[in-house]
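Asks: Counted the way mature numbering (1 follows the signal peptide of the UniProt record, and there is no 0) counts, the sequence shown spans residues -20 to -1, 1 to 1019.
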Amino acid sequence: MKFLCILLINLLLFIKSSSTVNVSMTFVVNESENRHEKLFVVLKEAIVLTKEGLLRGHYHEDKGYYAFLGVRYGQPPIGSKRFKRPVPERPWNGIRNALKPGDDCAQINPIIRAYHGSEDCLFLNVFTNVLPYDKHFVEPLPVMFYIHGGGFTYGSGNDILQDPQYLVEKNVIVVAINYRLGPLGFLCVGKSSRGNMGIHDQILALKWVHRNIAAFGGDPKQVTVFGFSAGAASVDILTLSSLAKNYFRGAIAQSGSMLNPWANILNPVAQGFRLGKFFGYQGTSTDELVRFLKLIPAKSLIEAATRKLKSPHDERNVLGFNFVPCIEENEFGYEPDYEPVLKENPVDILKHGNYRKIPQIKGFTTNEGLFFIKNLLYPTPTPGLFNKSDLYYLPANLDTRYEHEFNIPYLVDKIKSVYTRLSPKSVTDALVTFGTDVFFVHAITQELRAHVRNGNKHVFAYRFDYDGYFNFAKRLSAPVGEPGIAHGDELGYIFGAVPIAYIGLNSENTRIERMIRENMVTMWTNFAKYGFMGIRYGEAPIGKRRFKEALPEKAWNGIRSAFQYGSVCSQVPPITGKYTGSEDCLFLNVYTKILSDQMEFKENQPVLVYFHGGAFYTGSGNDLISGPELLVSQDIIFVSINYRLGPLGFLCVGKESSGNMGLHDQILALKWIQRNIAAFGGDPEKVTLMGFSAGAVSIEILMLSRLAKGLFRSVITQSGSFLNPWAFAKDPKEQGFRLGKILGYHGESTSELVEFLQNVSAQDIVEAAMNDIELATYDRNPLEIIFTPCLHEKKYKKHNRILEHHPIKILKRGLYKKVPQIKGFNSNEATVIFYNTLYDTKAPTNFFKSESYFLPANLATDKLNYTDMQLLVNAIKTAYLSVNYPIFSGKNTSLLEALTKYGTDIFFIHGIWRSINEVVRSGNNNQVFVYRFAFEGNFNFPSRFSGAMGQSHGAGHGDELGYLFTAPLFAYLGTDTRDKHPTPPGIWDGNVIWEPIRSPKNFTYLNIKDTLQLRHKLPFAKRMAFWDYIYDHYGYKLS
């Protein structure tokens, strides 16, 4: 392990070391035509000009932020506008004060148990620590848009327990909003009141942010929505809604899901008529009902809905939330001029995957139900609660209208017995566990699985599990000393609270609490800030551009989003065996820590550019195994790229397709980096290339190519060389015509062949290359790599030749730029690659299938007669298979080990060794560092997943990557992570990395306690399986 640390440290020093660079920074101010970006600072007040007019805010010295409070984003939804979609606020003259919060939306406050608020409540608050023309302003800040909780019944953006001070300190802008609640926000009865007015309020506020946040120093293209409880359910809805798709780039949902039984209603129309009947309406017309309810005072409506109205599920525990989101189109039909929030049921949307896949954080607390079981709703839990009617224990979103189809009493008895067994000593504890599972955790975990199953690779899960002094929700709702982590307890570690909440607390007795708060706030804000993914560096190489050098991407107007990976290049991954990707794949990803602390920016950082492996036919810059967190945390900028693969990247048949398009892609990406990396805080003079396997081959070729001269200053090549027998095509033209023949071309013209192949689908070409071609050299090529780099013929145009001579000739003559290099290999490379294909029960038969099978494909054996070839083959066999051979005597304990040594030597180490020697001989003898990686540990992921670990000693191909990159968390199942420190940028002294869920079956989550713990087993697994069974039979089916 010590060697691994030394290797990583040296790698980082290697790419960072350079002479001092003088940095100059230029700030350009764009004048707005309508003067909407001007700012005047007057004493402790600040005036900004929004699209609607001037606003006066003020600066809080004690909190370190500007606050613009009570900013109206919508006209008062009163009178004829009640129950309607909100209307944007009109422009105004003069200066409006934004010095105090606007009214909360009409509600019954659950603490004081009294009505307060107003219908005129469409206000928001903006908090920022810098404004556009402050002397410290560098560039627009990310925006975090907060949606409060409260069961769609109470709460506001003015909550005294949700001060954004700690978030704003991390250089983000926080916007907190009000939205209509109860029947005023969610009366859902027909075309006169379609419901979801509160969600439409949220969308209108997002549009306001999109128009105006730049005036406050924010970036409208870098908005993350986050919400708690009902706010989290709202975030889910916004994520699926086409109405909101252009207004945010990431989502954080805390302790809530749109699939929770309290977050939707089965029969909203009946609930609306029940409200009307309470006030005396006896009719059946929805239009008349709405006109009638518009005449009722808001206070009366809210009091009736909250306190007096009988729930449509009065025998079912729905927490008393009677007016919540509904599915508009399902209820009232489609209208051409009306677009609903959701066009279909969220369950169906998740099943079909027809929604925007954006980065998400979703999670819950350990004992969510504690808040509800022990708060004012259930002040004295008794065993009698378990004696309620049968329906009380069925979630409201289970459809029990057809009771004759299943045995409800039996189902309820099963539920009761399960939770009684879980907490046999306490009925209260049983109810807490029941409430946690039914009202929160089950739906949240089901939704997480659905997102992952639908291909979202950026879904992060957490469980908050710390019981401390900042657990304000429990302190308000449960007796002192009550154990558990209640619904809302994590908010005290994200937001600040009023001073009274901290009475009796000091820096000594809250040391752990403050540490956890720093963790939480940093993770939430990092999520809002990091990573530029899917940046296009070249035009799509499609149509007549197929098989040609790619063109640089054209300039564009406006702002492009870069928060999702671009498509991988067309390929058939060996794991799935199914085609994936696209020809339109020339994307790169930039990861940097610099943007997280722009105020302290001092100098441009070194840049590490990674070329993925995959034998030139699979892989991408989005690879799960190449997470950049470890490297980025060391103050470098990490760039990963896609490049064309297989025949689309390496068809080499003549002038019309001269091959090496994938290498030209890499050069184009490096040119993009030279032009643009300074904008990300990178230094174009300190670019290091790092590549694994085929990526290492690519780097060696670029190192010798005049086309790449000046684009990088040092290289790191891992487990690959252009001298490996699989790295160069021996007869690429024959391979090209063989491909054409399989797809239907039988001519002999290269130009006709290329034209023919340009009209075949990319999928057909890639699948044919992978599945159908039998290479002439197959009997000497167990790797079966078909389309790889080729040597251009001299008749090709000189300006586009990657290499003008054979690499060995270039090396021997020293005709290349000598740059610092790290080169290396693993001790047992072949154990991973061949274990599942050669080292099975048929291994001896496979390996002796022909006399030349032992001969590397790049040996010139065509001049040998049969006798000489036989002697050569026998010599190789003897060397590796005979126990009497002096070199291997006593070392091979099995055929497996012998064949592994053979594959390691011939396919990797020998070519790498030859390359090292030639580089040193050419005069580059003071800048070449060589390593041999031989560590066997839990992070040797390729060996573990191939089944080779334990079968053969040493490190297999790719095993070192687990110690340089962060893998997907399912890779860490069953491992001890204490020896590794893959801490995300900004996390204090952490020793784990938080990674997305990659498989619904491998439920990885970050346990947030006094330490951060990586866990790999679904919490409450048996209970979740129990509810899976119930919902599989009686509810929605997502698992």
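Using N, Cα and C, we set each Cβ at its ideal position, and we do this for glycine too.
Predicted model, so just to flag it, every value in this text is computed and none were measured.
Excluding sequence positions up to five away, which residues of its chain have a Cβ less than 6 Å from the Cβ of Arg62?
Replies: Cβ neighbours of Arg62 beyond the five flanking positions: Lys274.
Asks: Anyone know if the C-beta pair for Asn569 and Gly518 falls short of 7 Å?
Replies: Contact: no.
Asks: Out of Arg52, Ala47, Leu167, Thr204, which has the shortest C-alpha to C-alpha gap to Lys24?
Replies: Among Arg52, Ala47, Leu167, Thr204, the Cα nearest to that of Lys24 belongs to Ala47.
Asks: Leaving out the 5 sequence neighbours to the left and right, which residues in its chain are closer than 6 Å to Gly716 when beta-carbon positions are compared?
Replies: Within the same chain, Gly716 has close Cβ partners Leu631, Val633.
Asks: Is the CB-CB distance between Gly130 and Phe303 below 7 Å?
Replies: No, they are not a contact pair.
Asks: Could you check whether the stretch 889 to 900 touches the stretch 700 to 719, counting it as contact only if at least three pairs of C-beta atoms, one from each stretch, sit closer than 8 Å?
Replies: Result yes; three or more Cβ-Cβ pairs closer than 8 Å.
Asks: So what does DSSP say about Gln142, is it helix, strand or coil?
Replies: Coil, per DSSP.
Asks: Distance check for Leu246 and Ala210, CA to CA, integer angstroms please.
Replies: If you take the alpha carbons of Ala210 and Leu246, they lie about 17 Å apart.
Asks: Can you tell me which of Phe450, Ile802, Leu719 puts its alpha carbon nearest to the alpha carbon of Ile696?
Replies: When only C-alpha atoms are compared, the closest one is Ile802.
Asks: Taking contact to mean 3 or more Cβ pairs, one atom from each stretch, closer than 8 Å, check whether the stretch 274 to 290 and the stretch 178 to 195 are in contact.
Replies: Cβ pair count under 8 Å is below three, so no.
Asks: Whole angstroms is fine: what's the gap from Tyr559's alpha carbon to Glu747's?
Replies: Straight-line Cα distance between these residues: approximately 7 Å.
Asks: If you count every other CB in all the chains shown that lies within 10 Å of the CB of Leu949, and 16 or more means buried, which is it?
Replies: Only weak support is given to the placement of Leu949: the predicted model assigns it a pLDDT of 31, under 50, and the value that follows is read from those uncertain coordinates. With 16 or more other Cβ atoms within 10 Å, it is buried.
Asks: Do the CB positions of Gly236 and Pro339 come within less than 7 Å of each other?
Replies: No.
Asks: With H, G and I counted as helix, E and B as strand and the rest as coil, what does DSSP make of Ala453?
Replies: Note: Ala453 maps to helix in three-state DSSP.
Asks: Identify whether Met495 lies in helix, strand or coil by the three-state DSSP scheme.
Replies: Note: Met495 maps to helix in three-state DSSP.
Asks: Where do the N-terminal and C-terminal ends of the beta strand (DSSP E) with Gly415 fall, by residue?
Replies: Not the beta strand (DSSP E): Gly415 falls in the alpha helix (DSSP H), residues 407 to 416.
Asks: Rounding to the nearest angstrom, what Cα-Cα distance links Thr400 and Phe452 in this structure?
Replies: Rounded to whole angstroms, Thr400 to Phe452 spans 28 Å at the Cα level.
Asks: Around the Cβ of residue 1020, are there at least 16 other Cβ atoms within 10 angstroms (buried) or fewer (exposed)?
Replies: Since the first and last residues shown for the chain are -20 and 1019, residue 1020 lies out of range.
Asks: Taking Lys789 as the reference, give the member of Glu308, Tyr860, Val899 with the closest Cα.
Replies: It is Val899.
Asks: Where Asn920 and Ala674 are concerned, what is the direct C-alpha to C-alpha distance, given to the nearest angstrom?
Replies: Going from the Cα of Asn920 to the Cα of Ala674 covers about 19 Å.
Asks: In terms of alpha-carbon separation, which member of Tyr482, Arg443, Met750 lies closest to Val552?
Replies: Nearest of Tyr482, Arg443, Met750 to Val552, Cα basis: Met750.
Asks: In whole angstroms, what is the alpha-carbon distance linking Glu119 and Pro305?
Replies: Answer to the nearest angstrom: the Cα atoms are 38 Å apart.
Asks: Consult DSSP for Lys171 and reduce its assignment to one of helix, strand or coil.
Replies: Coil, per DSSP.
Asks: Pro163 lies in the alpha helix (DSSP H); which residues open and close that run?
Replies: Element bounds for Pro163: 162 to 166.
Asks: Looking at C-alpha atoms only, which residue of Gly917, Val51, Thr204 is the closest neighbour of Tyr509?
Replies: Going by the sequence as given, residue 509 is Lys instead of Tyr. Closest option to Lys509, Cα to Cα, is Thr204.
Asks: Kindly list the residues whose CB is nearer than 7 Å to the CB of Pro793, restricted to its own chain and excluding five residues on each side of it in sequence; keep chain order.
Replies: With the sequence shown as reference, residue 793 is identified as Arg, and Pro is not the correct amino acid for it. So the list is empty, once near-sequence residues are dropped.
Asks: Comparing C-alpha positions only, which one of Asn499, Leu783, Met683, Ala194 sits nearest to Val117?
Replies: Residue 117 is actually Phe in this sequence, not Val. Closest by alpha carbon: Ala194.
Asks: Hey, quick one: how far does the alpha helix (DSSP H) through Lys201 stretch, first residue to last?
Replies: Careful: Lys201 lies outside any alpha helix (DSSP H), inside the beta strand (DSSP E) at 198 to 208.
Asks: Where in the stretch 465 to 532 do unbroken runs of the beta strand (DSSP E), each at least 3 residues long, occur, reported from the N-terminal end onward?
Replies: The stretch 465 to 532 contains these whole beta strand (DSSP E) runs: 512 to 516.
Asks: Phe913 by DSSP, collapsed to three states: which one?
Replies: Of the three classes helix, strand and coil, the one that applies to Phe913 here is strand, per DSSP.
Asks: Determine the closest residue to Phe444 out of Gly333, Thr505, Thr345, Tyr390, with distance taken between C-alpha atoms.
Replies: The shortest Cα separation from Phe444 among Gly333, Thr505, Thr345, Tyr390 belongs to Thr345.
Asks: Since Ile27 is in the beta strand (DSSP E), which residue starts that stretch and which ends it?
Replies: Taken as a continuous stretch (DSSP letters only), the beta strand (DSSP E) holding Ile27 covers 25 to 29.
Asks: With a cut-off of 8 Å on the beta carbons, I'd call Ile465 and Tyr446 a contact; round off their distance for me.
Replies: Going by Cβ atoms, the distance from Ile465 to Tyr446 rounds to 7 Å, so yes, they are a contact pair.
Asks: From what residue to what residue does the beta strand (DSSP E) around Met124 run?
Replies: Taken as a continuous stretch (DSSP letters only), the beta strand (DSSP E) holding Met124 covers 121 to 127.
Asks: Going by DSSP, name the residue or residues bridged to Ser562.
Replies: Cys549.
Asks: Based on the DSSP secondary-structure assignment, which residues constitute the bridge partners of Arg52?
Replies: Answer is Phe103, bridged to Arg52.
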